[in-house]
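Read in order, the letters of the sequence shown correspond to residues 5 to 966 in the numbering used here. Glycine included, every Cβ here is placed at the ideal spot set by N, Cα and C. Working notes, beginning with the structure itself.
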Amino acid sequence: MTAPTERRAAVRDLEATLRRDLDGEVAFDDYTRHLFSRDASMYAIEPRGVVFPRHADDVRAAVAAAAEHGVPLVPRGAGTSLAGQTIGPGLVLDLSRHMRRIVDLDPDARTALVEPGVVQDQLNRAAAPHGLMFGPDTSTSNRATIGGMMGNNSAGSGSIRYGMSIDHVRALDVVLSDATTAHLAPVDEREHDRRAGLDTLEGRLYRELPKIVEAHAASIAGDFPAYWRRSGGYRLDRLADPGTPFDLAKFVVGSEGTLVVATRALVDLVPKPARTVIAVGHFTSVAGAIEATDDALGLDPSAVEMMDRTILDLSRQKIEYASLGNILEGDPEALLFVSFTGDDEAELVGRLQELTARWQRHGHGYHTLQAVTPAQQSGLLKVRKSSLGLLMAASEGTRRPLAFIEDTAVDPRHLAAYTHRFKQVLDRHGLTAGFYGHCSVGCLHIRPFVDVADPAQVRTMRAVAEEIKELVREYGGVNSSEHGDGLARSEFNRELYGDDLYEAMREVKGLFDPDDRLNPGKIVDAPAMTEHLRDAALPPAPPLRTHLDFEVVGGGDMRGAADRCMNIGLCRKSDAGAMCPSYMVTRHEHDSTRGRANALVKALSEPDPKAALGDEGLHDVLDLCLMCKACKSECPLGVDMATLKAETLAHHHERHGTPLRSRVFAAIRGLNRLGSATAPLSNLPLPRRLLERGLGIARARPLPVFARRNLVSWFRRRPASVAGSQGTVTLLADSFTTYTDPAVGRAAVELLERAGWHVELESGGCCGRAAFSKGLLDRAKEQARGLVHRLAATGEGPIVGCEPSCLLTLRDEHRALLPGDPAVGQVAGRVRQLEELLTEAIDDGRLVLREAAAHRIVFHGHCHQKAEVGTAATVALLRRIPGAEVVELDAGCCGMAGSFGFEAEHYDTSMAVGEDRLFPAVRAEPDDTVVAATGVSCRQQIHHGTGRGAVHPLQLVREALR
């Protein structure tokens, strides 16, 4: 038997063992292995397989199988590690999918017993009603798992007050490298001796670790960096402290999965401050912001965070973060966010004012913004927490801001001088970087732009890492302060700690894991930092002719558009925004934007990418993408999965043929027109079982009701629209408003005319959105071309519409479908939200509204609207209705997504997405609350899922018109 044949047989045997012994899923397919070959670092290592344990017994079985078959094992949480900790060549354990239970929360003891996959924000939501929270506060709190935080010894913005993860771990249930289990917690001398007498691996730990500590006592006392904020190496200093109990739970925190696999953790909770106030200092330089830190530290802040101009400019380009730019003064080069927390707001405001006065006296900065209320703070906090993602958005191809020197920390007293020297190193090597981070604890996350596909730049990267390592030592700082060692920094640990202390750490690894099975190559005995580089290992993209222009979409070509993803994992959040709706339901990596993007990178790197795009494995990965476009705005890197899926579907159809159902949905305008023409006959009940069997349309989903008197026929029969004082506006008669919901269109026409506009109705054809979403891109191009040229001939007045997805297709999809057509740009430039025109008319006195019939209105925005232009215009219009209380729901995607919710195989997912947040939010409203939604699909889904009717905001404004 040849070596490759033997390897394949060994992998099959391992897979068979895991499938036999685990309750959780086991995946050894090419796409899953590729998805788990990456984390948020610059590295990639493809594993042999991935398992998704459901409970601690599954973890134990996986460790046993890895030992039996001689393969390494890598525990993994959200996969957001920045230094390569959660990738490796063996078996990956995804502990985030199933092991995410909060087993117990004891408010009196201020503790929580959690599984490793519990997300930080999830724990904080559960603790909040008791006035508690988990102390460490990472910027990735909406997806970072407690297990991952323990693995890295994470800290975050509040570490000046709450310390690091190691300070909040009381006890751990773990699986050891021989698949035995242990409960780690502080022990007294008697319990220590009892455990040391066990003839087990756990017993050996209690016998031998004290000997290692004693043998290396001098280096443990003298060679650890003096600065407290450390997340690198093994914490032998904790075991050597005579004033504390022998505590292996704390000892293994920060060990990056190299010593044990945690299955449960008992963690401390801390009182949650009742109030937060924030000062935002505006500075003309990064150095000026850092120099102002001392004044802030003198007032006992809970956090001092800095952000440079690079990130500020990037935030202004994203709808999701644009609110920050509206409240800043001038054009700062850097901002310093100083937070004060406590229970006495007056006292906190006093400190905020004192800081402002100190900065003025000492000449620090030119303006201080004071944010006291949550409303004033929301935009600030959103941008501050998204600094990493925003910086990553500045990537150009494989030139990216990389994490390899981003985690150093020095005493804040030295930060200004240290940062000046740091900048000199970068300048000498010709590198630019973004600066942000935690000035309160001397940690700046400085990420130089490097292209590791260029060997010369790889050499530069290594030279810079060497120089920064020495600079850190000179200032008595640490090389890893909260992101861990991983593949990026472990190589330097011998030099940083010295031979004796490093050998002590190697002895620790050998004691816990004698066969080097648990996440090998991290902390000790690591490869060079320049091995396993993700972009360097990626082959050149083979040529591929695409239907869409990906220069317009972003990324240069299709693979570049997918490879913009840097795996920071914001698409794994589950409690805010819309990205990614299917992931929120399944919690499966395949169903995140990150997973889909990585799968596409794999396919587009194959020798024949056209054939790979037609692969059924890839089709399965993309299947649950609702094409909601939330990723386009909420992903800081703007990965546009809806467009990527449309192109992929087109290639899939070319290889396998276009399904009948896709053709039917792509022809929706013609079908709706026919349904309207034959109403009421077309509204009679259809044989739904037959429709499901023949077309795959879910029998449980109500079908739309066609209007006999549609918008076009109504418009033709009414008196001609007179010339308006405001000029001519063209109303797009979309395929849905026109034939199934004409009352919305009538309201739009009447409001526009009363506002002084002459209304022309464009009803000549479909915008192509339906065909685009089904991958019928040639048809979509034809429809787009026809509509664009008709609209271009209507003059220069604004173009508006009632259905956001159709109107905004003129600004988005048409650019990718028809690159180079000047009519596209002309038409796109004329697109306005109808709500904007009406709000202007109300403010000018051209429209006068009376008191609202309903005093409370809850509004749900269409996903495409949120992604392309935001919902501010709609909310502003509704708030112009006198007496109306308008509440915008943060309820994600409704789950309908056009045709997606009609499809039998997607119906359950569609309803589960709605049930995640939207349906409960609507059901919680009193009966007299009015539910408003801009999208026809959203209104259909709300009614089907809750029994509550939903109306278009325009209808409410029309009702209020005097």
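| query | result |
| --- | --- |
| Taking its Cβ as the centre, do 16 or more other Cβ atoms sit within 10 Å of Trp232, making it buried, or is it exposed? | exposed |
| Assign Thr647 to one of three DSSP states: helix, strand, or coil. | helix |
| Taking the C-alpha atoms as reference points, what is the distance between Ile164 and Ala300? | 12 Å |
| Quick one: what's got a C-beta closer than 6 Å to Ser306's C-beta in the same chain, skipping five residues either side? | Gly162, Arg165, Ser343, Thr345 |
| Thinking just about the alpha-carbon of each residue, which of Asp348, Glu807, Thr314 is nearest to the one in Leu968? | Since the first residue shown for the chain is 5 and the last is 966, residue 968 is missing from the structure and cannot be characterised. |
| Considering only residues of the same chain and omitting the five flanking positions on each side of Met168, which have a CB-CB separation below 6 Å? | Asn157, Ala159 |
| Using beta-carbon positions only, say whether Phe669 and Ala774 come within less than 7 Å of one another. | yes |
| Assign Phe904 to one of three DSSP states: helix, strand, or coil. | helix |
| Name the residue from Glu295, Leu316, Gly481 whose alpha carbon lies nearest to the alpha carbon of Arg362. | Glu295 |
| On the three-state DSSP scale, how would you describe Met570? | coil |
| Would you say the segment 249 to 268 touches the segment 506 to 524, given that touching needs at least three Cβ pairs under 8 Å? | yes |
| Where do the N-terminal and C-terminal ends of the beta strand (DSSP E) with Tyr440 fall, by residue? | 440 to 442 |
| Is the separation between the beta-carbon of Ala189 and that of Ala253 shorter than 7 Å? | yes |
| So what's Gln730 in DSSP terms, helix, strand or just coil? | coil |
| Using beta-carbon positions only, say whether Arg147 and Lys577 come within less than 7 Å of one another. | yes |
| Could you pull out every residue in the same chain whose Cβ sits closer than 6 Å to the Cβ of His449, ignoring the five residues on either side in sequence? | Glu410, Tyr440, Gly441 |
| Looking at C-alpha atoms only, which residue of His655, Arg239, Ala925 is the closest neighbour of Leu505? | Arg239 |
| Do the segment 371 to 388 and the segment 523 to 542 make contact, defined as three or more Cβ pairs closer than 8 Å? | no |
| Which runs of the beta strand (DSSP E), 3 residues or longer, sit entirely within the segment 290 to 357? | 307 to 312, 338 to 346 |
| In terms of residue numbering, what span does the alpha helix (DSSP H) encompassing His38 cover? | 34 to 39 |
| Applying the 10 Å Cβ sphere with the 16-neighbour rule, what's the burial state of Asn497? | buried |
| Leaving out five residues on either side along the sequence, give the residues of the same chain with a beta carbon under 7 Å from the beta carbon of Arg789. | Leu822 |
| Assess contact between the segment 949 to 956 and the segment 814 to 834, defined as three or more Cβ pairs (one per stretch) separated by less than 8 Å. Is contact present? | no |
| Can you round the beta-carbon distance between Ala116 and Ala131 to whole angstroms, since I take them to be within the 8 Å contact cut? | 7 Å |
| For Asp920, which residues in the same chain have their Cβ closer than 6 Å to its Cβ, ignoring the five residues on either side in sequence? | Met588 |
| Can you tell me whether Val852 is buried or exposed? The criterion is at least 16 other CB atoms within 10 Å of its CB, across all chains shown. | exposed |
| State the beta-bridge partners of Cys898 as determined by DSSP. | Cys898 is not bridged to any residue. |
| Going straight from the alpha carbon of Ala650 to that of Ser637, what length do you get? | 18 Å |
| Within the same chain, show all residues whose beta-carbon is closer than 6 Å to that of Val753, passing over the 5 residues directly before and after it, in chain order. | Val763 |
| Rounded to whole angstroms, how far is the Cβ of Arg713 from the Cβ of Pro746, which I believe are closer than 8 Å? | 7 Å |
| When you measure from the CB of Leu842 to every non-hydrogen atom of the ligand GDP, does any distance come out below 6 Å? | Questions concerning the ligand GDP fall outside what the structure shown contains, since it holds no ligand whatsoever. |
| What three-state label does DSSP hand Cys447 in the structure shown? | strand |
| Using beta-carbon positions only, say whether Ala895 and Leu922 come within less than 7 Å of one another. | yes |
| Can you name the start and end residues of the beta strand (DSSP E) that Ala283 belongs to? | 279 to 287 |
| Between the alpha carbons of Ile216 and Ile224, how many angstroms are there, rounded? | 10 Å |
| Taking the CB atoms as reference points, tell me whether Ala737 and Gln959 lie closer together than 7 Å. | no |
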